[in-house]
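Q: Can you read through this structure? Questions will come right after.
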Amino acid sequence: GAGVSQSPSNKVTEKGKDVELRCDPISGHTALYWYRQRLGQGLEFLIYFQGNSAPDKSGLPSDRFSAERTGESVSTLTIQRTQQEDSAVYLCASSLDGLSYEQYFGPGTRLTVT
Amino acid sequence: RKEVEQDPGPFNVPEGATVAFNCTYSNSASQSFFWYRQDCRKEPKLLMSVYSSGNEDGRFTAQLNRASQYISLLIRDSKLSDSATYLCVVSPNTGFQKLVFGTGTRLLVSP
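Line order of the protein sequences matches chains G and R. The numbers in my numbering rise by one with no breaks, and the one at position 51 of the first sequence is 51. The numbers in my numbering rise by one with no breaks, and the one at position 93 of the second sequence is 1093.
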């Protein structure tokens, strides 16, 4: 079946612009996660959605970052007033539920801020 | 100190060799442990879970030492296709699986 999909695959933007990154989780997966992977570094947790519960935003690095999820489907990560340090690969993952160990990752969006 | 620490490598080994990676974690309350594999410019994929009793999956063996807070991965009879970055991942005892990733150990298997 279809895996986690993300769009765009690559995004180049100018410093100060806003960007929106999209994630389509695996159908039926109630949990959705966003991570960031900077060059040469490990994945950093950003935000977690579980069903209709309030999201866990504890990993968002600043108030320029926000995310929404429509029901148990698509999620959008928005970065406002992008900075060069926002350049990274943004990975989305989904799992059957918040207790499921296995998170399935999408291919990521490579964001470059010039 | 990073929550999960790994030797970045690279580990260069010939085909057929046995190679071992270790990682250490700082949160003694961590409850779940995994090894993920990440190919160059690809997404991470779960390789195996790690249990206190140790577990084996074909050529791969994972061990957990809670007292010393380290996790190991042993790969026997290395294949060219094993070349990748291996990520050590732990999960704290929270209500959901908030994974904490190490930076990874790069393995290069040569002919």
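Ideal Cβ placement from N, Cα and C applies to all residues, glycine included.
Where residue 1061 (chain R) and residue 1034 (chain R) are concerned, what is the direct C-alpha to C-alpha distance, given to the nearest angstrom?
A: Counting from 1 along the second sequence, the entry for residue 1061 (chain R) is found at position 61. Counting from 1 along the second sequence, the entry for residue 1034 (chain R) is found at position 34. Each residue's alpha carbon lies about 12 Å from the other.
Q: Three or more beta-carbon pairs under 8 Å between the segment 89-97 of chain G and the segment 53-69 of chain G, yes or no?
A: Cβ pair count under 8 Å is below three, so no.
Q: Alpha carbon to alpha carbon, what distance is there between residue 33 (chain G) and residue 93 (chain G)?
A: Taking the first sequence and counting its residues from 1, one reaches residue 93 (chain G) at position 93. Taking the first sequence and counting its residues from 1, one reaches residue 33 (chain G) at position 33. Rounded to whole angstroms, residue 93 (chain G) to residue 33 (chain G) spans 5 Å at the Cα level.
Q: Which residues in chain G sit within 9 Å of residue 1061 (chain R), going by Cβ to Cβ distance?
A: Counting from 1 along the second sequence, the entry for residue 1061 (chain R) is found at position 61. What residue 1061 (chain R) touches in chain G: nothing, since even the nearest Cβ is about 19 Å away.
Q: Hey, residue 31 (chain G) and residue 97 (chain G): beta-carbon distance below 8 Å or not?
A: Here the question's residue 31 (chain G) lines up with position 31 in the first sequence. Here the question's residue 97 (chain G) lines up with position 97 in the first sequence. Yes, the Cβ-Cβ distance between residue 31 (chain G) and residue 97 (chain G) is below 8 Å.
Q: So that I know if they touch, is there some Cβ in chain R lying closer than 8 Å to that of residue 65 (chain G)?
A: Here the question's residue 65 (chain G) lines up with position 65 in the first sequence. No, because no Cβ of chain R sits closer than 8 Å to the Cβ of residue 65 (chain G).
Q: Just how far apart, CA to CA, sit residue 63 (chain G) and residue 1081 (chain R)?
A: What you label residue 63 (chain G) is simply residue 63 of the first sequence in a count that begins at 1. What you label residue 1081 (chain R) is simply residue 81 of the second sequence in a count that begins at 1. The straight-line gap from Cα to Cα measures roughly 42 Å.
Q: Can you find a C-beta in chain R that's less than 8 Å from the C-beta of residue 16 (chain G)?
A: As a position in the first sequence, residue 16 (chain G) is number 16, starting the count at 1. No, no contact with chain R.
Q: Considering only residues of the same chain and omitting the five flanking positions on each side of residue 1083 (chain R), which have a CB-CB separation below 7 Å?
A: Translated into positions along the second sequence, residue 1083 (chain R) becomes position 83. So the qualifying residues of the chain are 1107, 1108, 1109.
Q: On the three-pair Cβ rule with 8 Å, is the segment 1063-1078 of chain R touching the segment 1013-1029 of chain R?
A: The segment 1063-1078 of chain R is in contact with the segment 1013-1029 of chain R.
Q: Using 8 Å as the limit for Cβ to Cβ distance, is residue 61 (chain G) near chain R?
A: Within the first sequence, numbered from 1, the residue matching residue 61 (chain G) stands at position 61. Judged by the 8 Å Cβ criterion, residue 61 (chain G) is not in contact with chain R.
Q: If I measure Cβ to Cβ from residue 1089 (chain R) and keep anything under 6 Å in the same chain, skipping five residues before and after, which residues do I get?
A: Residue mapping note: residue 1089 (chain R) aligns to position 89 of the second sequence, counting from 1. Taken in chain order, the residues that qualify are 1034, 1036, 1099, 1101.
Q: From which residue to which residue does the beta strand (DSSP E) around residue 115 (chain G) run?
A: Missing from the structure shown is residue 115 (chain G); chain G here goes from 1 to 114 and no further.
Q: When DSSP builds the beta bridges, which residues end up paired with residue 1027 (chain R)?
A: In the second sequence, the residue the question calls residue 1027 (chain R) occupies position 27. Residue 1027 (chain R) pairs with nothing; no bridge assigned.
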